[in-house]
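Using the working numbering, the first residue of the sequence shown is number 445, and each one after it goes up by one.
Ideal Cβ positions, reconstructed from N, Cα and C, are used throughout, including at glycine.
Note that this is a predicted model, so its numbers are computed, not measured.
Let me begin by presenting the structure, written as structure tokens, before commenting on it.
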Amino acid sequence: IHPNPGPATRSAFTNFLNILHVNVNSLVAGSKLDELSSLVIEHKLDVVAVTESWLGDTIDSHDILLEGFQSPIRRDRNRHGGGVVVYVSDQIAFKRRTDLESTFVECIWLELCTG
445 IHPNPGPATR SAFTNFLNIL HVNVNSLVAG SKLDELSSLV IEHKLDVVAV TESWLGDTID
505 SHDILLEGFQ SPIRRDRNRH GGGVVVYVSD QIAFKRRTDL ESTFVECIWL ELCTG
């Protein structure tokens with residue numbers, strides 16, 4: 445018995461979201477962005493949440509785009525460590541909920557509109 449076989453085919457579960465959270469310890473170091481892109485393709489992800497992005501205002505969002513996803517939603521710390529990035533599929537409408545975000549916690553709140 446496989447410990448987590450998942451669905452046989454994704455088409456049987458079209459009403460579900462595939463979400464990944466990953467702590468990358470610097471999104472732009474080495475080949476981490478390429479590895480993340482591979483995970484997106486392999487697992488047909490809809491939303492990717494990244495912690496410890498280590499991004500600052502010197503990194504443009506165009507430099508960290510993922511194919512098939514909207515421009516990344518970022519909350520940079522602008523110093524060593526920390527930072528949060530969320531990628532949402534081109535197929536999903538969303539609204540950022542800054543009214544729920546805290547100045548004391550590195551977080552991003554989104555309201556997804558899945559139809």
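Proximity winner among the options, relative to residue i (alpha-carbon distances)
i      : options                           : result
Gln514 : Phe538, Glu496, Asp504 and Thr495 : Phe538
Glu479 : Glu511, Ile503, Asn459 and His506 : Glu511
Arg541 : Ile552, Leu471, Phe548 and Trp498 : Ile552
Gly526 : Phe548, Ile503, Ser481 and Leu499 : Leu499
Asp534 : Ser505, Leu489 and Asp501         : Leu489
Glu486 : Phe548, Leu464, Asn459 and Ala493 : Leu464
Val484 : Val466, Thr547 and Gly474         : Val466
Cβ neighbours of residue i in the same chain (closer than 8 Å, five flanking residues each side left out)
i      : result
Leu556 : Leu461, Val491, Val532, Ile536, Ala537 and Phe538
Glu550 : Thr495, Arg519, Arg521, Gly526, Gly527 and Val528
Ser455 : With a pLDDT of only 49 at Ser455, under the threshold of 50, the placement of this residue in the model should not be trusted; the figure read from the coordinates follows. Cβ within range, chain order: n/a, list empty.
Terminal residues of the beta strand (DSSP E) in which residue i lies
i      : result
Ile463 : Ile463 to Asn467
Glu496 : Glu496 -> no beta strand (DSSP E), and no H or E assigned at all.
Leu554 : Leu554 to Cys557
Asp528 : Position check: residue 528 holds Val in this sequence, whereas Asp was assumed. Val528 to Val532 is the span of the beta strand (DSSP E), which, as asked, contains Val528.
Ile517 : Ile517 to Arg519
Residue i, buried or exposed, once every other Cβ within 10 Å from all chains shown has been counted against 16
i      : result
Leu544 : exposed
Arg523 : exposed
Ile508 : buried
Own chain residues within Cβ distance below 6 Å of residue i, not counting five before or after
i      : result
Ser497 : Leu471, Gly527 and Val529
Chain-order list of residues whose beta-carbon lies under 7 Å from that of residue i (same chain, five-residue window excluded)
i      : result
Leu477 : Leu471 and Ile508
Asp501 : Asp520 and Asn522
Boundaries (first-last residue) of the alpha helix (DSSP H) holding residue i
i      : result
Lys476 : Lys476 to His487
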